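Sequence order for the protein chains is E and L. Following my numbering, the numbering of the first sequence begins with 44 at its first residue and continues without gaps. Following my numbering, the numbering of the second sequence begins with 8 at its first residue and continues without gaps. Beta carbons: idealized from backbone N, C-alpha and C, even for Gly. From a predicted model like this one, the values you see are computed outputs, not experimental measurements.
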Amino acid sequence: MAYSEIVLDHFKNPRNVGEITEADGLGEVGNPVCGDMMSVYIKVENDRIADIKFKTFGCGAAIAVSSMITELAKGKTLEEAMKIKNSDVAKALGGLPPNKLHCSNLGADALHSAIKNYLDRKSGKAVAKPEDKELHLPEKGEACYCPYCEKKVEEESPFCIFCGQEMPHEHDH
Amino acid sequence: MAFIYLDHQSNTPLHPLVKEAMIHHMETIFGNPSSDHQAGQPAAQALDLARSRVAALLNANPQEVVFTSGGTESVNQAIKGVAIGLREKGRHIITSNIEHKSVLNSLRTLRLLDYRVTSLDVDAHGLVDPAAVERAITPETILISVMLANNEIGTIEPIAEIAQIAKKHKIVMHTDAVAAVGNLPVDVQELGVNLLSLAANQFYGPPGVGALYVRKGTPVWPLLDGGTQENKRRAGTENLISIVGLGMAAELAKNAIPERQVRLRALKERLEQGLKAGIPDIHINGHPTRNLPHLLSVSVEYIEGESLMLMLDDEGIVVATRSACASGSLRASHVLIGTGMDFATAQGTLVFTLGEENTAGDIDRVLEVMPGIVQNLRDMSPIYKKSAG
Numbered sequence: 044m045a046y047s048e049i050v051l052d053h054f055k056n057p058r059n060v061g062e063i064t065e066a067d068g069l070g071e072v073g074n075p076v077c078g079d080m081m082s083v084y085i086k087v088e089n090d091r092i093a094d095i096k097f098k099t100f101g102c103g104a105a106i107a108v109s110s111m112i113t114e115l116a117k118g119k120t121l122e123e124a125m126k127i128k129n130s131d132v133a134k135a136l137g138g139l140p141p142n143k144l145h146c147s148n149l150g151a152d153a154l155h156s157a158i159k160n161y162l163d164r165k166s167g168k169a170v171a172k173p174e175d176k177e178l179h180l181p182e183k184g185e186a187c188y189c190p191y192c193e194k195k196v197e198e199e200s201p202f203c204i205f206c207g208q209e210m211p212h213e214h215d216h
Numbered sequence: 008m009a010f011i012y013l014d015h016q017s018n019t020p021l022h023p024l025v026k027e028a029m030i031h032h033m034e035t036i037f038g039n040p041s042s043d044h045q046a047g048q049p050a051a052q053a054l055d056l057a058r059s060r061v062a063a064l065l066n067a068n069p070q071e072v073v074f075t076s077g078g079t080e081s082v083n084q085a086i087k088g089v090a091i092g093l094r095e096k097g098r099h100i101i102t103s104n105i106e107h108k109s110v111l112n113s114l115r116t117l118r119l120l121d122y123r124v125t126s127l128d129v130d131a132h133g134l135v136d137p138a139a140v141e142r143a144i145t146p147e148t149i150l151i152s153v154m155l156a157n158n159e160i161g162t163i164e165p166i167a168e169i170a171q172i173a174k175k176h177k178i179v180m181h182t183d184a185v186a187a188v189g190n191l192p193v194d195v196q197e198l199g200v201n202l203l204s205l206a207a208n209q210f211y212g213p214p215g216v217g218a219l220y221v222r223k224g225t226p227v228w229p230l231l232d233g234g235t236q237e238n239k240r241r242a243g244t245e246n247l248i249s250i251v252g253l254g255m256a257a258e259l260a261k262n263a264i265p266e267r268q269v270r271l272r273a274l275k276e277r278l279e280q281g282l283k284a285g286i287p288d289i290h291i292n293g294h295p296t297r298n299l300p301h302l303l304s305v306s307v308e309y310i311e312g313e314s315l316m317l318m319l320d321d322e323g324i325v326v327a328t329r330s331a332c333a334s335g336s337l338r339a340s341h342v343l344i345g346t347g348m349d350f351a352t353a354q355g356t357l358v359f360t361l362g363e364e365n366t367a368g369d370i371d372r373v374l375e376v377m378p379g380i381v382q383n384l385r386d387m388s389p390i391y392k393k394s395a396g
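Structure below.
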């Protein structure tokens, strides 16, 4: 496991938890089926993120990432906030264990989605409702395929027995 | 201990008498049990004693006990050993959807070698239907492997019934009894199985040592080739220090199980009732009556298990989680999904496994802190809708 001290601090004492009742933008990414889900609420004043709150269903890393992204984004201009990358969040947290790196994708994605939602609302564009989003349900008996030679392989194979390539750790995102 | 340990399934603490036996062995004996000289003979005697102790725990003959490096090796040896031993007879194996990964992945390897596997569904309590086992049998079937007790939800499978069906059709029957041995009385004659796997670290012995019960006449080809140790079933100089520990743990378990299972079941009941009373929207997994006395699997709605586990850890309470995020593979538990649970609920699952040193005070401490932690995480969760509004 080995979470850094910063991760543990943000996990145990998460900053900016909650909702903003009259938020200017809302970003929702992930779903509980995949293991984590995050909602980001932003309040925008003069093109700056004046306030930001989150709610997250997820592991220790997902909660720490959510907390950190709100800290990084608070007070930034929208343009600056759009430039925050997933790797910035992981870096600010003092690193994440390799199998938790996907959790850091959640943070920046949710923030960017909230900003996009704000911009769409402002320009009067139709805003996609969360219900429209497709649920990523793994199907029963879904097979695994080698990403290199595309032959059907067994789950959790250490390497592909057809082409010999090492298999990456697959996940459901 | 500085923390309350409720994860005995991951590893039990070493019993002081087991530790003492291992140290005594290390200090007095170093010969190789295969040597017929005066250094080797005390080692051979220590090996024999350990073997007879494990046999006594299972009501087996000592010649039927093969020492291994643990539960995983025992399972691999049983399944792949029979597959090789009976390859001229057939290439079909029957198992269930909720087996341990050592079973699932042994069968994965056999599929690569063109064996066919039928994996049976379980019901909502995790039970395998013996009639479904019988229906799956083909003239090619050589092995049935179903676990004695499930390590994630605690359900005890009808192994004696399934073994009877196997016997009627002259098929070899293996049971992965790793989660059961040491926690329940396990009698290979009553079960009627040909092969049974166990691990010492489930009952206060050391990790990295286990045994495979091999009923006389069962065609198991060795996985590890070499010398004639373990009656030609498992080559290599024996890990005797650990085997001595396993032997002592087996001896202690045989005497302790009757009282221990009653005491731990009472503690588990206290935990279950307390959690149900203190936390809304939780599910107790597994079979309501046919279950392990020391294991409680709880799924908590609206939150994810790893964060719950870490919060409890921070409060000095050590438990296991079965959330996808905590597993290496980032997939939801195949056992919980196998019982028909939805993916989101499966993510919020904790497994408590109680042990000898636990007290009612330990349980009460969990009941004191867990409701607040769950509420905090739920307040943080976007899928939690407060019942009030």
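The three-state secondary structure of PHE97/E, taken from DSSP, is strand. A distance below 9 Å separates the beta carbons of ARG123/L and HIS99/L. If you check the CB distance, ALA173/L and VAL140/L come in under 9 Å. The alpha-carbon of VAL358/L is positioned some 11 Å away from that of LEU315/L.
About 6 Å separates the CB atoms of TYR161/E and ILE85/E; that is less than 8 Å, so the two are in contact. About 4 Å separates the beta carbon of GLY137/E from that of ILE49/E, a gap short enough to meet the 8 Å contact definition. Near chain L, meaning a CB-to-CB distance below 9 Å, the residues of the region 71-95 of chain E are GLU71, ASN74, PRO75, VAL76, CYS77, GLY78, ASP79, MET80, MET81, SER82. With distances taken between CA atoms, ILE166/L lies nearest to ARG297/L out of THR225/L, ASN208/L, VAL373/L, ARG297/L.
Minimum Cα-Cα distance from GLY215/L among the listed residues SER76/L, ILE36/L, ASP320/L, LEU191/L corresponds to SER76/L. Rounded to whole angstroms, the Cβ separation of THR99/E and MET81/E is 5 Å, and the two are in contact under 8 Å.
For the region 291-375 of chain L, the full-length beta strand (DSSP E) segments reaching 3 residues or more read 302-307, 356-360 along the chain.
Proximity of the region 183-197 of chain L to the region 151-164 of chain L meets the contact definition, three or more beta-carbon pairs being nearer than 8 Å.
Taking the Cα of ALA143/L as reference, the smallest distance to any Cα among THR102/L, VAL25/L, GLY78/L, GLY379/L is reached at THR102/L. Look at LYS239/L here: in three-state DSSP terms it is helix.
Taking 9 Å as the cut-off, the beta carbon of LEU253/L is found no closer than this to the beta carbon of LYS275/L. Between THR19/L and GLU363/L, the gap from beta carbon to beta carbon is short of 9 Å. Taking one beta carbon from each stretch, the region 238-257 of chain L and the region 31-42 of chain L have 3 or more pairs nearer than 8 Å; the two touch. Under the three-state reduction of DSSP output, ILE100/L falls in the strand class. Between VAL82/L and SER204/L, the C-beta gap is smaller than 9 Å, which places the two residues in contact. Not a single CB atom of chain L sits nearer than 9 Å to the CB of THR113/E. Apart from sequence neighbours up to five positions away, the residues of its chain that approach ASN148/E with a beta-carbon distance below 6 Å are ASN129, ordered along the chain. A Cβ of chain L is located within less than 9 Å of the beta carbon of PRO57/E. About 5 Å separates the beta carbons of SER306/L and THR356/L, which is inside the 8 Å limit, making them a contact pair. Taking 7 Å as the cut-off between beta carbons, the residues of the region 99-128 of chain E near chain L are THR99, PHE100, GLY101, CYS102, GLY103, ILE106, in sequence order. Secondary-structure assignment with DSSP links MET80/E through a beta bridge to GLY73/E, PHE100/E. Per DSSP, reduced to three states, the secondary structure at CYS206/E is coil, with no helix or strand assignment. Using a Cβ distance threshold of 9 Å, ASN365/L and GLU159/L do not count as a contacting pair. For PHE350/L, at least one C-beta of chain E is nearer than 9 Å to its own C-beta. The beta carbon of MET318/L sits closer than 6 Å to the beta carbons of ILE380 from its chain, once the five residues preceding and following it are set aside; these are given in chain order. Two segments are said to touch when three or more pairs of C-beta atoms, one from each, lie closer than 8 Å; by this definition the region 81-95 of chain L touches the region 106-116 of chain L.
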